[in-house]
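Input: a single structure, listed below in structure tokens.
There are 2 protein chains.
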Amino acid sequence: MNQSLSIVKIGGHILDDPIAKKDFLSDFSKLEGLKILVHGGGRSASALAEQMQLNVQMVNGRRITDAKTLEVITMVYSGKINTSIVAELQGLNCNAVGCSGADANSIQSDKRPVSDIDFGFVGDIQAVNSSYISLLLHADLVPVFSAITHDNKGQLLNTNADTIAATLAIALASEFEVTLYYCFEKQGVLEDKDIPSSLITSIDQSRYQDLLTQGIISDGMLPKLKNCFDALEGQVSKVCIGQPSMLSSHSTNYTTLTL
Amino acid sequence: MNQSLSIVKIGGHILDDPIAKKDFLSDFSKLEGLKILVHGGGRSASALAEQMQLNVQMVNGRRITDAKTLEVITMVYSGKINTSIVAELQGLNCNAVGCSGADANSIQSDKRPVSDIDFGFVGDIQAVNSSYISLLLHADLVPVFSAITHDNKGQLLNTNADTIAATLAIALASEFEVTLYYCFEKQGVLEDKDIPSSLITSIDQSRYQDLLTQGIISDGMLPKLKNCFDALEGQVSKVCIGQPSMLSSHSTNYTTLTL
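Just so you know, the protein sequences line up as chains A and B, in that order. Under our numbering, the first residue of the first sequence carries the number 1, and numbering increases by one thereafter. Under our numbering, the first residue of the second sequence carries the number 1001, and numbering increases by one thereafter.
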């Protein structure tokens, strides 16, 4: 049997809250075995953009990443957040290494083609160089990825952190027994998004189709669950969605997805 | 004989000029053998601090790194500059990996003790974990260090890039035949700082003492040359100071320092 590997995606809202962030990093540092952390950026990038008086361009509720916005995102995700997470994890005796997809060409993307909308410097992942990530894991290091990739021609690209986590999980599934965790502020997938007790603890492929048909999965959960099932179809062993407390083995309050 | 390793420190003024930066990265990417790049930040950090309307506190001409300034420096050095250098080098077929001293606890510092002046979050290097850097080098990867270290207790620290380069060179000198290059906008050590043709091409320990006595080495060159001789005393084979063109084997217009 392959060695087990946990890939944990942490959502922006948790990083925005210093106490929640500290608790999460403590839980993450205690997680046994090989592990990778993937993070987005939360509100920090928008806050800095505002402070720099940049116009945030939105189309259909989605932010356009122009050159100045990409610079802000790179500063906040790969500079402020990534570097400080690595230092905090080191302080917790977790041997972290900060990474962007440009490092060792670990995650290569293409700039999203312009169709109706020009999203700007947004990357769609094309390839993962898992040999570099394996090198770090086999040296008992803990890669911490920011949501920045590159096109291997010198251009950095803003890339969805959920997709990075799923793509890394799939790329490493041939070498490791991978569990993918999506940590966010909610308990997991809820029947009614306003009622925490409506948590669905287990979803398989057929239940997923039912939930889609019933419109219970909507908005931000749609791409998240698509990433989960893409990962499962890509030989990832298990996917869990919930609050960071799910990383402790005592917690059962989260959603587990299987094929 | 040990494998040769080039450690190149690039000065901020060159990074501030897009054409000079591009030329430098092209020269650096062509440098044969194992190599490490160390960079500072130039004017970008001050520019962002101004844009964010932070007060830059100076004491005796030296910047004080308060918490907000450290955040800006981390964003600019480890975010904007480091990540974009890595992407540009990847585009030049150079297998770069971005690093701060917090990664794998590679460079551990102590916060400078408060005496007459409280410099704030400034780090004096205590230890280099060369096993991580060796792991990267032996995998034919090219570490690119920003001038950020940590105290291994969760705190990032602003650290002099010249000192980082010299300290890395000394730490790796037992395993590699190290040449240390300080690249900046001048041709090297000049007899008269306003006359480029007054270049001193070669300085040994006794000439160094003469130049110090004569006051020819002053201001910013004082700590730079101290770093050079510290490196040479720490078994670094050779130290060169000059413009980036010295990285090409055809150039002879620079200062070489030996014991």
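C-beta atoms are modelled at their ideal positions from N, C-alpha and C, and glycine is treated no differently.
Tell me whether residue i sits in a helix, a strand or coil according to DSSP, three-state version.
{"i": "Met-1221(B)", "result": "helix"}
{"i": "Thr-258(A)", "result": "coil"}
{"i": "Met-1(A)", "result": "coil"}
{"i": "Met-52(A)", "result": "coil"}
{"i": "Gly-1098(B)", "result": "strand"}
{"i": "Lys-21(A)", "result": "helix"}
{"i": "Val-114(A)", "result": "coil"}
{"i": "Gln-187(A)", "result": "coil"}
{"i": "Ser-84(A)", "result": "helix"}
{"i": "Leu-34(A)", "result": "strand"}
{"i": "Gln-1090(B)", "result": "helix"}
{"i": "Glu-177(A)", "result": "strand"}
{"i": "Ile-1007(B)", "result": "strand"}
{"i": "Ser-109(A)", "result": "strand"}
Whole angstroms is fine: what's the gap from residue i's alpha carbon to residue j's?
{"i": "Lys-153(A)", "j": "Ile-125(A)", "result": "14 Å"}
{"i": "Lys-1030(B)", "j": "Met-1075(B)", "result": "28 Å"}
{"i": "Gln-1053(B)", "j": "Ser-202(A)", "result": "50 Å"}
{"i": "Thr-1149(B)", "j": "Ser-84(A)", "result": "11 Å"}
{"i": "Thr-1255(B)", "j": "Phe-1024(B)", "result": "18 Å"}
{"i": "Ala-171(A)", "j": "Thr-179(A)", "result": "13 Å"}
{"i": "Asn-1253(B)", "j": "Leu-1137(B)", "result": "29 Å"}
{"i": "Ala-104(A)", "j": "Ala-1139(B)", "result": "10 Å"}
{"i": "Asp-116(A)", "j": "Ile-73(A)", "result": "24 Å"}
{"i": "Gln-1108(B)", "j": "Ser-249(A)", "result": "33 Å"}
{"i": "Ala-1147(B)", "j": "Ser-1044(B)", "result": "14 Å"}
{"i": "Asp-16(A)", "j": "Phe-184(A)", "result": "12 Å"}
{"i": "Thr-1065(B)", "j": "Asp-1110(B)", "result": "14 Å"}
{"i": "Asn-82(A)", "j": "Lys-68(A)", "result": "20 Å"}
{"i": "Leu-1092(B)", "j": "Asp-1027(B)", "result": "10 Å"}
{"i": "Gln-51(A)", "j": "Ala-1047(B)", "result": "13 Å"}
{"i": "Asn-1060(B)", "j": "Ile-1200(B)", "result": "30 Å"}
{"i": "Ser-1198(B)", "j": "Ser-1106(B)", "result": "39 Å"}
{"i": "Ser-1100(B)", "j": "Leu-212(A)", "result": "44 Å"}
{"i": "Gln-235(A)", "j": "Asn-1095(B)", "result": "29 Å"}
{"i": "Cys-1228(B)", "j": "Asn-1002(B)", "result": "21 Å"}
{"i": "Gln-1243(B)", "j": "Ile-1195(B)", "result": "15 Å"}
Let me see if you follow: with CB-CB separation under 8 Å, is residue i close to chain B or not?
{"i": "Gly-74(A)", "result": "What sits at residue 74(A) in the sequence shown is Thr, not Gly. With 8 Å as the cut-off, Thr-74(A) counts as an interface residue toward chain B."}
{"i": "Asp-66(A)", "result": "no"}
{"i": "Thr-272(A)", "result": "The structure shown does not extend to residue 272(A), since chain A is modelled only from 1 to 259, so the question has no answer here."}
{"i": "Asn-105(A)", "result": "yes"}
{"i": "Val-86(A)", "result": "yes"}
{"i": "Thr-83(A)", "result": "yes"}
{"i": "Val-97(A)", "result": "yes"}
{"i": "Leu-156(A)", "result": "yes"}
{"i": "Lys-265(A)", "result": "The structure shown does not extend to residue 265(A), since chain A spans only 1 to 259, so no value can be given for it."}
Quick one, which of the options has its alpha-carbon nearest residue i's?
{"i": "Leu-232(A)", "options": "Tyr-208(A), Leu-31(A), Tyr-254(A)", "result": "Tyr-208(A)"}
{"i": "Phe-121(A)", "options": "Leu-70(A), Glu-191(A), Gly-12(A), Met-1(A)", "result": "Leu-70(A)"}
{"i": "Asp-1230(B)", "options": "Leu-1054(B), Gln-1205(B), Leu-1137(B), Glu-1175(B)", "result": "Gln-1205(B)"}
{"i": "Leu-1168(B)", "options": "Tyr-1132(B), Gly-1188(B), His-1250(B), Leu-1156(B)", "result": "Tyr-1132(B)"}
{"i": "Val-97(A)", "options": "Pro-1113(B), Ala-1173(B), Leu-1135(B), Ile-1073(B)", "result": "Leu-1135(B)"}
{"i": "Thr-159(A)", "options": "Glu-191(A), Glu-32(A), Val-38(A), Ala-47(A)", "result": "Val-38(A)"}
{"i": "Ala-1165(B)", "options": "Val-1189(B), Tyr-1182(B), Phe-1028(B), Glu-1088(B)", "result": "Tyr-1182(B)"}
{"i": "Val-239(A)", "options": "Gln-3(A), Lys-9(A), Lys-193(A)", "result": "Lys-9(A)"}
{"i": "Met-58(A)", "options": "Phe-119(A), Leu-48(A), Ile-36(A), Ser-115(A)", "result": "Phe-119(A)"}
{"i": "Leu-225(A)", "options": "Asn-82(A), Leu-141(A), Ser-248(A), Val-189(A)", "result": "Val-189(A)"}
{"i": "Pro-113(A)", "options": "Gly-123(A), Ile-217(A), Leu-5(A), Ser-146(A)", "result": "Gly-123(A)"}
{"i": "Arg-1062(B)", "options": "Gly-1215(B), Thr-1258(B), Gly-1220(B), Ser-1245(B)", "result": "Gly-1220(B)"}
{"i": "Leu-1141(B)", "options": "Gly-1033(B), His-1013(B), Gln-1003(B), Leu-1259(B)", "result": "Gly-1033(B)"}
{"i": "Leu-1005(B)", "options": "Thr-1213(B), Phe-1184(B), Glu-1177(B)", "result": "Glu-1177(B)"}
{"i": "Ser-1007(B)", "options": "Val-1144(B), Ser-1046(B), Ile-1064(B)", "result": "As written in the sequence, residue 1007(B) is Ile, which differs from the Ser given in the question. Nearest option by C-alpha distance: Val-1144(B)."}
{"i": "Gln-1214(B)", "options": "Gly-1234(B), Asp-1192(B), Cys-1099(B)", "result": "Asp-1192(B)"}
{"i": "Thr-163(A)", "options": "Ala-67(A), Val-128(A), Ser-46(A)", "result": "Val-128(A)"}
{"i": "Lys-186(A)", "options": "Met-1(A), Gly-11(A), Asn-60(A), Gln-3(A)", "result": "Gly-11(A)"}
{"i": "Leu-89(A)", "options": "Pro-196(A), Ser-251(A), Lys-21(A), Gln-155(A)", "result": "Lys-21(A)"}
{"i": "Gly-1041(B)", "options": "Gly-79(A), Val-236(A), Pro-223(A), Pro-244(A)", "result": "Gly-79(A)"}
{"i": "Val-1086(B)", "options": "Ile-1014(B), Ser-1130(B), Ala-1049(B), Ile-1036(B)", "result": "Ile-1036(B)"}
{"i": "Leu-1157(B)", "options": "Pro-1018(B), Ile-1241(B), Met-1001(B), Ala-1102(B)", "result": "Ala-1102(B)"}
Is residue i close to chain A? Criterion is C-beta to C-beta, closer than 8 Å.
{"i": "Leu-1199(B)", "result": "no"}
{"i": "Glu-1071(B)", "result": "yes"}
{"i": "Val-1008(B)", "result": "no"}
{"i": "Ile-1141(B)", "result": "According to the sequence as given, residue 1141(B) is Leu; it is not Ile. By this cut-off, Leu-1141(B) is an interface position."}
{"i": "His-1150(B)", "result": "yes"}
{"i": "Ser-1135(B)", "result": "Before going further, note that residue 1135(B) is Leu rather than Ser in the sequence given. Output row for Leu-1135(B): interface = yes."}
{"i": "Ala-1102(B)", "result": "yes"}
Report the residue ranges of all beta strand (DSSP E) runs contained in full by the segment 1119-1164 of chain B; include only those spanning at least 3 residues, in chain order.
-> Runs found: 1123-1128, 1142-1146, 1148-1150, 1156-1158.
3 or more residues per run - each beta strand (DSSP E) lying fully within the segment 193-257 of chain A | Qualifying beta strand (DSSP E) stretches, in chain order: 238-242, 255-257.
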